[in-house]
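Every number in the numbering used here is 17 more than the matching position in the sequence shown, counting from 1. Worksheet: one structure, shown below.
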Amino acid sequence: MTQLMINGKAYDVDVEDDMPLLWVIRDVIGFTGTKFGCGMGLCGACSIHIDGNVARSCITPVAAAKGKNITTIEGLGTPDNPHPVQQAWAESDVPQCGYCQSGQIMAAASLLKENPKPNEDDIKNGMTNYCRCGTYLQIHAAVKKASDLIGDES
Ligand code: FES
Ligand code: FES
Numbered sequence: 018m019t020q021l022m023i024n025g026k027a028y029d030v031d032v033e034d035d036m037p038l039l040w041v042i043r044d045v046i047g048f049t050g051t052k053f054g055c056g057m058g059l060c061g062a063c064s065i066h067i068d069g070n071v072a073r074s075c076i077t078p079v080a081a082a083k084g085k086n087i088t089t090i091e092g093l094g095t096p097d098n099p100h101p102v103q104q105a106w107a108e109s110d111v112p113q114c115g116y117c118q119s120g121q122i123m124a125a126a127s128l129l130k131e132n133p134k135p136n137e138d139d140i141k142n143g144m145t146n147y148c149r150c151g152t153y154l155q156i157h158a159a160v161k162k163a164s165d166l167i168g169d170e171s
């Protein structure tokens with residue numbers, strides 16, 4: 018048995034140590050907000066936070082997450098109390114098909130934690146997740162808006 022701490026709650030799972038964390042999160046535990054895209058660490062659809070840092074869960078073995086705090090999109094905010102990135106995403110109407118968006122939001126939240134006032138280049142270089150619908154302009158605008166919201170809160 019492996020114990021994982023996800024969104025503030027402990028889960029005991031009976032899986033191999035080298036199973037990708039993405040499979041455990043989605044298929045064993047049932048947090049399906051985290052998506053499978055490439056399975057090779059390239060697209061970012063599977064982005065989560067491990068101890069507050071963004072990680073691509075499709076290439077993270079479950080053993081690497083033992084004893085750490087894992088956050089998925091389900092644990093980032095709530096409808097009543099959204100994370101500033103979620104609020105900015107909604108206000109900016111970012112998603113098209115939506116498939117990549119939870120990964121984008123997790124990446125943006127991590128970027129803004131590291132750098133609450135990113136400039137255009139910081140956003141371009143920091144937001145490396147793919148979006149097949151091409152919502153990059155809206156994503157960049159929403160990161161800026163989230164940065165403003167965070168600034169207003171502090
Ligand atoms: S599914 Fe993990 S990076 Fe693409
Ligand atoms: S919104 Fe469709 S892939 Fe990004």
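Just so it is clear, CB atoms sit at the ideal spot from N, CA and C, and this is done for glycine as well.
Cβ-heavy atom distance, residue i to ligand 2, below 7 Å
i, result
"Arg73", "no"
"Tyr116", "yes"
"Cys148", "yes"
Cβ-based burial, residue i [other Cβ within 10 Å; buried from 16]
i, result
"Thr145", "exposed"
"Gln20", "exposed"
"Gly61", "buried"
For residue j and residue i, the rounded distance between their alpha carbons
i, j, result
"Val111", "Gln155", "5 Å"
"Val71", "Gly50", "15 Å"
"Met18", "Gln104", "37 Å"
"Val160", "Glu91", "19 Å"
"His66", "Thr89", "7 Å"
"Glu137", "Asp29", "42 Å"
"Ile167", "Asp68", "20 Å"
Residues that DSSP places opposite residue i in a beta bridge
i, result
"Pro37", "Pro78"
"Lys26", "Ile23"
CB contact below 8 Å: residue i versus chain B
i, result
"Thr88", "Structure shown: chain B not included; a single protein chain is present."
Sequence-distant residues of its chain with Cβ nearer than 7 Å to residue i (five each side left out)
i, result
"Ser109", "Gln155, Ala158, Ala159, Lys162"
Residues near residue i by beta carbon distance below 6 Å, same chain, minus five either side
i, result
"Cys75", "Pro37, Leu39, Gly56, Cys63"
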